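Engineer: Numbering (the numbering used here), first residue to last: 3 to 403.
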């Protein structure tokens, strides 16, 4: 059953024997008002869609004004002061509730009575909980039905766009992407697993890479050792994200050369042969390669938003080389600017509690756009120079003297 806003009247309020009110939890949980009446009815009002003043419910539910008053003579509060749900009984229930609450705590030492408050009311009134009539606010029902429909549509869309394990080619995983020329070596210990690297456009200037790695876990002959022909006993799935990828959308083979050059390229946002060694977030282990590939498709969607509508395949030729070149030239200019004027930046940050609050003034001092301050901040740790940090350090040093 349901009821409308206009049904919230004095005739109903006079029958309310207990109620709870929660404004909504700090974690985003919806608020609710639950009213129990002396004739065995439970009225439920959800925060979403409520037509009255949710922050000041006493403007709609007049009986609450007296209950919320610390000097009230009609209601007793049974919830704790710090509880997000405020629960009140009419004082006529006090004789029965006191003994039941005491008995409840004796049997449930570590549980708050607020979890069982409704059943306590029905027990005091001698009403069978199975015979309670549950009545819900009509707007609450509408919102719940809409959310359920949205959830089903979202689940259907999720299944529709989820990638298939064979949608793209999984590439063989070798350390440093050093691929042996002899195909007969695939089954030996050199093959560490498989990886799939896909890309997604974040905005018109940025592409991120998302890599799923299936690393073989081989049987050990003894702890820390395994033979060359050791069998794979588990397939471990890892996820890694490459932010703001520059250059080709693929990982080059190891060609030897200077490791420092590859390292320099990786700092600049370019993929190098060392990228295949990355193990960032462990997802889980699987008992077969097929299961691991199937699981990877799910986690591509959940972790990176990669699906059939967003995935950019490995090796796709880029069309934004000119824009990337402009960005790199501008970043080089910002780098030189910071090297020459870092002292000015630090002096500005010192005046603020948090570096983010100083962004506008830093931009004005350097004569750059505010969104370019983020690049400046990436070159050092601005929080080390904030006012709050400096104050904490001075206080610590002072206490040590």
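Beta carbons are placed, not taken as given, at the ideal position from N, Cα and C, and that holds for glycine. Given the structure is predicted, the values throughout are model-derived calculations rather than measurements.
Alpha carbon to alpha carbon, how far is residue 82 from residue 39? Give it in angstroms, no decimals.
Structural biologist: Roughly 23 Å separates the two Cα atoms.
Engineer: Report the partner residues of residue 38 according to the DSSP bridge assignment.
Structural biologist: Bridge partners of residue 38: 20, 44.
Engineer: Thinking residue 216 and residue 241 are a contact (beta carbons under 8 Å), I'd like their distance in whole angstroms, please.
Structural biologist: Their Cβ separation, rounded to whole angstroms, is 11 Å, which puts residue 216 and residue 241 out of contact at 8 Å.
Engineer: So, does the segment 83-92 touch the segment 50-61, judging by three or more C-beta pairs under 8 Å?
Structural biologist: No, they do not touch.
Engineer: By Cβ distance, which residues of its chain are closer than 6 Å to residue 209, with the 5 residues on each side in sequence left out?
Structural biologist: Closer than 6 Å at the Cβ level, and outside the excluded window around residue 209, lie 201, 203, 247.
Engineer: Is it right to say residue 57 is buried, meaning 16 or more other beta carbons lie within 10 angstroms of its own, or is it exposed?
Structural biologist: Counting Cβ neighbours within 10 Å, residue 57 comes out exposed, since fewer than 16 surround it.
Engineer: Can you give me the Cβ contacts of residue 12 inside the same chain, cut-off strictly under 8 Å, excluding the 5 residues immediately before and after it?
Structural biologist: Closer than 8 Å at the Cβ level, and outside the excluded window around residue 12, lie 64.
Engineer: By Cβ distance, which residues of its chain are closer than 8 Å to residue 369, with the 5 residues on each side in sequence left out?
Structural biologist: Nothing listed; no residue qualifies.
Engineer: Just checking my contact of residue 348 with residue 387 at CB under 8 Å: how many whole Å lie between their CB atoms?
Structural biologist: 5 Å between Cβ atoms; contact.
Engineer: Quick check: the segment 302-318 against the segment 163-181, are at least 3 beta-carbon pairs closer than 8 Å?
Structural biologist: Result yes; three or more Cβ-Cβ pairs closer than 8 Å.
Engineer: Determine whether the beta carbon atoms of residue 32 and residue 49 lie at a separation below 8 Å.
Structural biologist: Cβ atoms of residue 32 and residue 49: closer than 8 Å.
Engineer: Using a Cβ-Cβ cut-off of 6 Å (strictly less than) and excluding sequence neighbours within five positions of residue 44, which residues of its own chain qualify?
Structural biologist: The answer, listed in chain order, is 38, 134, 136.
Engineer: Could you give the uninterrupted runs of the beta strand (DSSP E) lying entirely in the segment 161-230, keeping only those of 3 residues or more?
Structural biologist: Complete beta strand (DSSP E) runs here, min 3: 173-175, 195-205, 208-220.
Engineer: Could you name the residues of the same chain whose beta carbon sits closer than 8 Å to that of residue 176, not counting the 5 residues immediately before and after it, in chain order?
Structural biologist: Taken in chain order, the residues that qualify are 182, 192, 193, 194, 278.
Engineer: What three-state label does DSSP hand residue 79 in the structure shown?
Structural biologist: Note: residue 79 maps to strand in three-state DSSP.
Engineer: Just the Cα atoms here: how many angstroms apart are residue 232 and residue 273?
Structural biologist: C-alpha separation (whole angstroms): 31 Å.
Engineer: Comparing C-alpha positions only, which one of 140, 23, 18 sits nearest to residue 8?
Structural biologist: The shortest Cα separation from residue 8 among 140, 23, 18 belongs to 140.
Engineer: Helix, strand or coil for residue 366, going by three-state DSSP, please let me know.
Structural biologist: Helix at residue 366.
Engineer: Between 17, 36, 14, which lies nearest to residue 23 when the distance is taken from Cα to Cα?
Structural biologist: Residue 23 has its Cα closest to that of 36, out of 17, 36, 14.
Engineer: Scan the segment 273-352 and note each continuous beta strand (DSSP E) run of 3 residues or more that stays entirely inside, going in chain order.
Structural biologist: The qualifying runs are 283-288.
Engineer: Excluding the five sequence neighbours on either side, which residues of its own chain have a C-beta within less than 7 Å of the C-beta of residue 310, listed in chain order?
Structural biologist: Excluding residues within five positions, the ones whose Cβ falls inside 7 Å are 163, 165.
Engineer: Using DSSP with H/G/I as helix, E/B as strand and the rest coil, what is residue 129?
Structural biologist: In this structure, residue 129 counts as coil in the three-state DSSP scheme.
Engineer: Hey, quick one: how far does the beta strand (DSSP E) through residue 88 stretch, first residue to last?
Structural biologist: Its beta strand (DSSP E) spans residues 87-92.
Engineer: Assign residue 340 to buried or exposed, taking buried as 16 or more other Cβ atoms, counted over all protein chains shown, within 10 Å of its Cβ.
Structural biologist: With 16 or more other Cβ atoms within 10 Å, it is buried.
Engineer: Compute the Euclidean distance between the alpha carbons of residue 352 and residue 381, then round it to the nearest angstrom.
Structural biologist: Near 17 Å, if we compare the C-alpha coordinates of residue 381 and residue 352.
Engineer: Which two residues bound the contiguous alpha helix (DSSP H) that contains residue 404?
Structural biologist: In the structure as shown, the chain starts at 3 and stops at 403, and residue 404 therefore has no counterpart that could be examined.
Engineer: If we ignore side chains and look at the alpha-carbon of each, how far apart do residue 424 and residue 275 end up?
Structural biologist: With the chain running from 3 to 403 in the structure shown, residue 424 is simply not present.
Engineer: Rounded to whole angstroms, how far is the Cβ of residue 316 from the Cβ of residue 251, which I believe are closer than 8 Å?
Structural biologist: Residue 316 to residue 251, Cβ: 7 Å. Contact.
Engineer: Near residue 254, which residues of its chain fall below 6 Å by C-beta distance, leaving aside the five closest residues on each side in sequence?
Structural biologist: Hits under 6 Å: 275.
Engineer: Am I right that residue 212 and residue 308 are in contact with their C-beta atoms under 8 Å? What's the rounded C-beta distance?
Structural biologist: That pair is a contact at about 5 Å.
Engineer: So the beta strand (DSSP E) residue 68 belongs to, where does it begin and stop?
Structural biologist: That residue, residue 68, is in no beta strand (DSSP E); its alpha helix (DSSP H) goes 65-70.
Engineer: Can you find the residues in the same chain that come closer than 6 Å, C-beta to C-beta, to residue 69, ignoring five residues on each side of it along the sequence?
Structural biologist: So the qualifying residues of the chain are 77, 90.
Engineer: Of the residues 87, 4, 72, 41, which one's Cα is nearest the Cα of residue 34?
Structural biologist: When only C-alpha atoms are compared, the closest one is 87.
Engineer: For the beta strand (DSSP E) that residue 135 lies in, which residues bound it at each end?
Structural biologist: Residue 135 -> beta strand (DSSP E) spans 135-139.
Engineer: Quick check on the DSSP output: the beta strand (DSSP E) that includes residue 244 runs from which residue to which?
Structural biologist: Segment 234-244, the beta strand (DSSP E) holding residue 244.
Engineer: Would you check if the distance between the CB atom of residue 20 and the CB atom of residue 123 is smaller than 8 Å?
Structural biologist: A contact, by the Cβ cut-off of 8 Å.
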